[in-house]
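The block underneath contains the structure these notes are about, expressed in structure tokens.
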Amino acid sequence: MTHFDSYVAIGDSFTEGLNDTLPDGSFRGWADRLAEILADGREDFRYANLAIRGKMLAEIMEEQLPVALEARPDLVTVCAGGNDIIVPGADVDEVAAQFEKGIATLREAGIEVLIFTGPDTKRLSVMSILRSKVGIYNAHLWAIADRHGAKVVDLWAMNVLHDARAWSDDRLHFTSEGHRRIALRAAEVLGVPTESDWREPWPEENEPVNWLTLRRSDLAWTKTHLLPWIRRQLRGESMGDGILPKRPQLAPVTAKDSGTATATLVSEQPVHRQSRSA
Numbered sequence: 580m581t582h583f584d585s586y587v588a589i590g591d592s593f594t595e596g597l598n599d600t601l602p603d604g605s606f607r608g609w610a611d612r613l614a615e616i617l618a619d620g621r622e623d624f625r626y627a628n629l630a631i632r633g634k635m636l637a638e639i640m641e642e643q644l645p646v647a648l649e650a651r652p653d654l655v656t657v658c659a660g661g662n663d664i665i666v667p668g669a670d671v672d673e674v675a676a677q678f679e680k681g682i683a684t685l686r687e688a689g690i691e692v693l694i695f696t697g698p699d700t701k702r703l704s705v706m707s708i709l710r711s712k713v714g715i716y717n718a719h720l721w722a723i724a725d726r727h728g729a730k731v732v733d734l735w736a737m738n739v740l741h742d743a744r745a746w747s748d749d750r751l752h753f754t755s756e757g758h759r760r761i762a763l764r765a766a767e768v769l770g771v772p773t774e775s776d777w778r779e780p781w782p783e784e785n786e787p788v789n790w791l792t793l794r795r796s797d798l799a800w801t802k803t804h805l806l807p808w809i810r811r812q813l814r815g816e817s818m819g820d821g822i823l824p825k826r827p828q829l830a831p832v833t834a835k836d837s838g839t840a841t842a843t844l845v846s847e848q849p850v851h852r853q854s855r856s857a
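580 is the number of the first residue of the sequence shown in this note's numbering; add one for each residue after it.
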């Protein structure tokens, strides 16, 4: 069994936990869930989550990576570059080269690193057009992991994520159940035992989806999610403008809100530096 005493998560909305919503409106997410698994009730385990929605790769490497390096945790999880490669005209090879520099820096510091491939979007209406770019980026990520000794959570290979119930209405973020399964898979890759299996089949669906339902869903998605994203891109704005990391310091993981994981901030373990908004 692998043992970790400290863990820092860096990245964008995926790692921040959208859309795994807690009763107070904040987000939990796979990283918080993984931290709870790693802590296993231990008071000496410490966790920080520096991820912010909308962050581009350069911002993550410039703002979050140095903070993680300064903290020198046993484990750092990194998922970044997704917001870069979905932009029309993005050079996936260049994005991967920037990503590799960050992973190399963490590994040279002796930190265990866990990275995530992009999920297969084949079954996501409209979003399937990104499949080839995600596939190319994933090939780079596997090569980077091999060169630097990082571990990989292969979201592309997780067949349970092909179910629509794993995805939120925005078709970019996962549901609570999707996040739960990803956390279980991450723990498995790290060699940490869990009580549940991420491969567990989904319950049978009672209502079949037809063509008309899909087209109505596409129209609603375009109006609610795609058009606002295009407007933000044109204005140079980000979902993360004005948002700070939800767990900016290494701190113990405690049970709260029906067993969800949260970190009580501890002033003796500062990890956060003020970050620039995307």
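All residues carry an ideal CB built from backbone N, CA and C; glycine is no exception.
In this text the structure is predicted, and so the values were computed from the model without any measurement.
Between residue i and residue j, is the Cβ-Cβ spacing less than 8 angstroms?
i: H719; j: A675; result: yes
i: I616; j: V655; result: no
i: S585; j: P652; result: yes
i: W609; j: A743; result: no
i: F678; j: I723; result: yes
i: V657; j: I589; result: yes
i: L829; j: Y626; result: yes
i: T773; j: E767; result: yes
With burial defined as no fewer than 16 other Cβ atoms inside 10 Å of the residue's Cβ, what is the status of residue i: buried or exposed?
i: P645; result: exposed
i: L629; result: buried
i: P698; result: buried
i: L734; result: buried
i: G596; result: buried
i: A736; result: exposed
i: G660; result: buried
i: W781; result: exposed
i: K701; result: exposed
i: D599; result: buried
Assuming residue i and residue j are in contact, meaning their beta carbons sit under 8 angstroms apart, how far apart are those beta carbons, in whole angstroms?
i: R760; j: V731; result: So it is not a contact: roughly 16 angstroms between Cβ atoms.
i: P662; j: D591; result: One point to set straight first is that residue 662 is Asn, not Pro, in the sequence displayed. 6 angstroms between Cβ atoms; contact.
i: P831; j: F583; result: Wrong, their Cβ atoms sit about 14 angstroms apart, outside the cutoff.
i: L709; j: I665; result: 6 angstroms
i: I822; j: R607; result: I822 to R607, Cβ: 16 angstroms. No contact.
i: A729; j: V692; result: 4 angstroms
Which residue marks the beginning of the alpha helix (DSSP H) containing residue i, and which one marks its end?
i: T684; result: V671 to E687
i: S587; result: One point to set straight first is that residue 587 is Val, not Ser, in the sequence displayed. Taken as a continuous stretch (DSSP letters only), V587 belongs to no alpha helix (DSSP H), being part of the beta strand (DSSP E) at S585 to G590.
i: N598; result: From DSSP, N598 is part of no alpha helix (DSSP H); its letter is neither H nor E.
Along the beta strand (DSSP E) that carries residue i, what are the first and last residues, could you check?
i: R761; result: For the sequence presented, residue 761 should be read as Ile rather than Arg. Element bounds for I761: not the beta strand (DSSP E) but the alpha helix (DSSP H), S755 to L769.
i: E691; result: E691 to F695
i: K730; result: K730 to V732
- Taking 8 angstroms as the threshold, find out whether the region 681-693 comes into contact with the region 740-760 through three or more Cβ pairs. no
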